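Position 366 of the first sequence, counting from 1, maps to 365 under numbering that gives the first Met the number 0, and the rest follow consecutively. Ideal Cβ positions, reconstructed from N, Cα and C, are used throughout, including at glycine. Being a predicted model, the structure only gives us computed values, none of them experimental. First the structure, in the form of structure tokens, and then the observations on it.
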Amino acid sequence: MREIPIYDPAKIEKKWQKIWAENKAFAATTDYTKPKYYTLIEFPYPSGQGLHVGHPRPYTALDIVARKKRMQGYNVLHPIGWDAFGLPTENYAIKNHVHPAEVTKQNIKHFRDQLQMLGFSFDYDREVDTTDPRYYKWTQWIFLQMFKRGLAYKREMPVNWCTGCKCVLANEEVVDGVCERCGSPVVHKQQSQWMLKITAYAQKLLDGLDDVDFIDRVKTSQRNWIGRSEGAELDFVLEGTDDKLRVFTTRADTLFGATYMVLSPEHPYIEKYKDRIENYDELMEYRAAAQRKSDFERTEINKDKTGVEIKGLRAINPMTGTSIPIWISDYVLMTYGTGAIMAVPAHDERDWDFAKKFNLPIIEVVAGGRNVQEECYTDVATGILVNSGFLNGMNVADAKKAAIDYAQEHGFGERKINYKLRDWVFARQRYWGEPIPIVHCPKCGMVALDEKDLPLLLPEVKNYEPTETGESPLSKITEWVNCKCPQCGGDAKRETDTMPQWAGSSWYFLRYCDPNNDEALASPEALKYWMPVDWYNGGMEHTTLHLLYSRFWNQFLYDIGVCPVSEPYRKRTSHGMVLGTDGQKMSKSRGNVINPDEMVDLLGADAFRMYEMFMGAFDQAIPWSTTGAKGCRKFIERVWRLQEILNDDEGISEDMKASVHTTIKKVSEDFDGMKFNTAIAQMMTLVNELVKKGSVTRGEYRTLLLLLDPVAPHVCEELWELCGFGAPVYTQKWPEYDEAAMVKNEVEIAIQINGKIRGRIMVPADLTREQADTLRDHPDVIKAVGDKQIVKFIFVPGRLLNIVVK
RNA sequence: GCCGAAGUGGCGGAAUGGCAGACGCAGGGGACUUAAAAUCCCCCGGCUAACACCGUACGGGUUCGAGUCCCGUCUUCGGCACCA
């Protein structure tokens, strides 16, 4: 047995990190003739706490993919950057009286050091930082392009106002009626807001999903969020006027059963017909009460319906000519459809509840259910129309079509598609964000800054706290706010809102392609070569918003000819969370947070990386186990000690051929299929075999190190060097497997009688179904069958023999 | 309520419809050692002396054969919540 050095991860990890950095081992080249591969992880928010053990899981996974693709000859772009604008940094700055830019600088350094400690093969020459003016210049530029095309606009609207952050939140940031970030109550407030017209892209965002390789649940959640629904808009004449009340419905077939209507409490007709309405005050009271509730309360209390009838205003059902009452209720939302509905209590749960409570008539128009007076009937698949004039006898689908056609012919309606998706509130009254490059001119109105004046820099301020009025701290810097109008040259004022954190992350993948370009967000050549991202991995929590927003920006940039592809990501996967040892989400308050620095001290970066991958299925949440992680350290030491039994044979020994090639195949396929845990298990199996055998050839060791390198790169490089295998592993080629070498001569198969195992026999590996008939004479088979009569003889090559007897 | 994912040993988890529990952790036994650590070998779902039998949330079904497919039920987790 040979004398070997001691495995000292602290030493060899530093050594190789230095060598990689000095040689720019992982820099993507600008040789656009080579095949490319673009791997992307969601760039982190550099928080003050540093990395937690959740970060390295997706990073290691795509690092494995990137390292393997490089070895397979691809020009790989595997970049990293910082999504550094945002509230926690700003709050820290307020509390500690430091400039957020200073805090950001420190946090980024901390994060970068930690990532380097783990040996990720990022191309650090392409780092981007969303708070860098050279970066946000282009974030502002994209905003201006949207503004010029009417996709960025300002509108007076009720906004979610966080009483803690003193700032407007997107609907998506309000969770259970409180601020997602700080937990303070959220109230409604009227304010003029910057909006991005993402709704203009609803259908494109939906269609684009057909051509990309996202896991199904991601596609589903995108589709649900966009929420396309096909129906019709129909007009109901207001009795005694020439005016019409427009509703949206997906159930035009049930029009004969519409026995009343419901308006949102904010519906403009209440003002318009104020003089005709007898109980206006009562309605106002109801509206005020509804507005005091947050959206959450309005929609959460769904057990008990409330509402008030509008006295003095009625509508005519266009099918039946009947006069029907009109109510207001907060279950009808002004923000969806037309803010008014026709109520068909017999066939809609909500309408049914409402009708029951207020004693409104329920008329069955779709037969097939039980008594609609007692139970609502909503089955559209089997119902047949009744009490509906010319629609009688039709199924629901045909009746829908016929009803809408009729409405169209008679001029009271048309087909209409609605989306739940709403426009994106795109402004924060905060300091630490991209300034919106717009000037308010008393003469010219809202004017875009000249593109040559970008970036519009964030000015220095003394105090980062938002003002009590809810305006951004920028509004207090008069020398910055007061400016000249770019159009007329007169006195004007700058917009003082900043962009939300989502802005910088909506296009960063484009910047990585050409991060130092001052003439464009990236050169057309670079974008054409690198885009789309081949594999994007991120958290499940970003599969709705970030994914939708960034796809929207990319599609917009495609439409204006900046980006060469309409869909930015070819493949999107999501990783599972790393939970605390107690199976709960890690959090400071639970005290179950695992610190990666300590783990690397204890295990070394290679074992740490390996455990992150070995702990379980990549897309599932798994609790951390430090003792489990030690198992990976043990495995690496086992690989290290293979040196002791290394012989001089450069080839692969005959008896190991099948195992080695099976391992190459399994590891190659499993890395591509995100099954990192089983790839590692296979390598463990191979090592166990080698240890058992007591000797390993240089050829076998080489192959093992090449396969293991993406997971545990430092130790593999070190062993490679110790064995004198030549140029570093990162310059080597990925091994290929030989299907023929994997075939064994003989295999053990199971003998089953009526599906129960009764023995095992060795048979030639290539035994076919036809040849298997000879097994009837095999002594073990004869014994197993006994004196029973054979009914059926089933042979599965290489697997088993099942004999059905009676 | 709706959408999605998932229920397999003490634990993390493996299994193109074909020998359930690969691989690892924890545990037990042994070797080596003055001793310990490390390492190596053996055992490790239940019930059994053994054979047998029973075992993949529960109840049915399809099949020569089901953890895997179908129907129904329950539970857990994640997301959305009156979207007409």
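**contact_flag[the segment 628 to 640, the segment 600 to 616] where n(CB pairs < 8 angstroms) is 3 or more** = Flag = yes, the segment 628 to 640 and the segment 600 to 616 touch.
**Message:** Going residue by residue through the segment 179 to 229, where are the continuous alpha helix (DSSP H) segments of at least 4 residues, counting only ones entirely within it?
**Reply:** Runs of the alpha helix (DSSP H) lying entirely within the segment 179 to 229, each at least 4 residues long, are 201 to 207 and 215 to 225 in chain order.
**Asked** Can you find a heavy atom of the ligand NAP that lies under 8 angstroms from the Cβ of E649?
**Response** The ligand content of the structure shown is nil, which means the ligand NAP is not present either.
**Bridge partners - I621, DSSP secondary structure assignment** = According to DSSP, I621 bridges with V577.
**Separation of I361 from Y376, as counted between CA atoms** = Their Cα atoms are separated by approximately 11 angstroms.
**Prompt:** By Cβ distance, which residues of its chain are closer than 8 angstroms to S225, with the 5 residues on each side in sequence left out?
**Reply:** In the sequence as presented, Ser is not what sits at residue 225; that position holds Ile. The answer, listed in chain order, is A201, L204, L205, Y418, K419, L420 and L547.
**Message:** I need the straight-line Cα distance from I300 to D329, nearest angstrom please.
**Reply:** Because the pLDDT of I300 is 48, which lies under 50, any placement of that residue in the model is unreliable, and the number read from its coordinates should be weighed accordingly. In this structure, the CA atom of I300 is about 10 angstroms from the CA atom of D329.
**Neighbour-count burial assignment, Y268, 16 or more Cβ in a 10 Å radius** = Buried, because 16 or more other Cβ atoms sit within 10 Å of the Cβ of Y268.
**Message:** Going by C-alpha to C-alpha distance, which of L244, K461 and R640 sits closest to F235?
**Reply:** Comparing Cα positions, the closest option is L244.
**Request:** Run the CB neighbour count on A396, radius 10 Å, all protein chains shown included, and call it buried at 16 or more, exposed below.
**Result:** Exposed: under 16 other Cβ atoms inside 10 Å.
**Request:** Mind checking which residues open and close the alpha helix (DSSP H) that includes I63?
**Result:** I63: member of the alpha helix (DSSP H) spanning P55 to M70, first to last residue.
**Item:** Reference P264, options Q113, R275, I340 and I383, closest by Cα
**Value:** It is I340 whose Cα lies nearest to the Cα of P264.
**Request:** Starting from F84, follow the alpha helix (DSSP H) in both directions and report where the run begins and ends.
**Result:** Premise fails: F84 is in no alpha helix (DSSP H) and is neither H nor E.
**Asked** Would you report the Cα separation of G207 and H541, rounded to the nearest angstrom?
**Response** Taking the straight line from one Cα to the other gives about 18 angstroms.
**Prompt:** Could you give the residue range of the alpha helix (DSSP H) that holds C715?
**Reply:** In the DSSP assignment, C715 falls within the unbroken alpha helix (DSSP H) covering P712 to L721.
**Message:** Do M445 and K153 have their beta-carbon atoms positioned less than 9 angstroms apart in this structure?
**Reply:** Here K153 is near M445, since their CB atoms are less than 9 angstroms apart.
**Message:** Rounding to the nearest angstrom, what Cα-Cα distance links I593 and L601 in this structure?
**Reply:** Rounded to the nearest angstrom, the gap between the Cα atoms of I593 and L601 is 12 angstroms.
**Secondary structure of Y528, DSSP reduced to three states** = Y528: helix per DSSP, three-state reduction.
**Message:** Check whether the segment 782 to 798 and the segment 739 to 755 touch, using three or more Cβ-Cβ pairs below 8 angstroms as the test.
**Reply:** With a cut-off of 8 angstroms, the segment 739 to 755 and the segment 782 to 798 count as touching, because enough Cβ pairs lie within range.
**Request:** Output the distance between the C-alpha atoms of K13 and G650, rounded to the nearest integer angstrom.
**Result:** Distance from the CA atom of K13 to the CA atom of G650, rounded to whole angstroms, is 32 angstroms.
**Prompt:** In the DSSP assignment, what are the bridge partners of C482?
**Reply:** C482 has A491 as its beta-bridge partners, per DSSP.
**Prompt:** F389: buried (16+ other C-beta within 10 angstroms of its C-beta) or exposed?
**Reply:** With fewer than 16 Cβ atoms within 10 Å of its Cβ, F389 is classed as exposed.
**Asked** Given a threshold of 16 other Cβ atoms within 10 Å of its Cβ, counted over all protein chains shown, does M70 qualify as buried or as exposed?
**Response** Buried: at least 16 other Cβ atoms inside 10 Å.
**Asked** Is W137 closer than 9 angstroms to I435 when the C-beta atoms are compared?
**Response** If you check the CB distance, I435 and W137 do not come in under 9 angstroms.
**Start and end residues, beta strand (DSSP E) containing K795** = Before going further, note that residue 795 is Val rather than Lys in the sequence given. Element bounds for V795: I789 to V795.
**Request:** Can you say whether D496 is buried or exposed, counting buried as having 16 or more other CB atoms within 10 angstroms of its CB?
**Result:** D496 should be labelled buried.
**Request:** Kindly give me the distance between the Cβ atoms of L457 and W140, rounded to whole angstroms, as I take these residues to be in contact under 8 angstroms.
**Result:** Cβ atoms of L457 and W140 stay farther apart than 8 angstroms, at about 16 angstroms.
**Asked** To which residues of the same chain is W501 closer than 6 angstroms at the C-beta, ignoring the five residues directly before and after it?
**Response** Y548.
**Given G579 as reference, the closest of Q48, T29, G53 and K147 once Cα atoms are compared** = Minimum Cα distance to G579 is reached at G53.
**Request:** Using three-state DSSP, classify I300 as helix, strand or coil.
**Result:** Below a pLDDT of 50, predicted positions are generally treated as unreliable, and I300, at 48, falls in that range; the measurement from the model is reported next regardless. In the three-state reduction of the DSSP assignment, I300 falls in the coil class.
**Prompt:** By Cβ distance, which residues of its chain are closer than 8 angstroms to D786, with the 5 residues on each side in sequence left out?
**Reply:** Within the same chain, D786 has no close Cβ partners at all.
**Item:** Under 9 angstroms between C-beta atoms of L262 and I197
**Value:** Not in contact: L262 and I197 (Cβ atoms no closer than 9 angstroms).
**Asked** What number of angstroms, rounded off, separates the C-alpha of G72 from the C-alpha of E668?
**Response** One Cα belongs to G72, the other to E668, and the distance between them is close to 17 angstroms.
**Asked** Under the three-state reduction of DSSP, which class applies to E265: helix, strand or coil?
**Response** Taken through DSSP and simplified to helix, strand or coil, E265 comes out as coil.
**Item:** Own chain partners of H98 with C-beta closer than 7 angstroms, once the 5 adjacent residues on each side are dropped
**Value:** Cβ neighbours of H98 beyond the five flanking positions: A92.
**Prompt:** Between the C-alpha atoms of E281 and K356, what's the straight-line distance to the nearest angstrom?
**Reply:** If you take the alpha carbons of E281 and K356, they lie about 19 angstroms apart.
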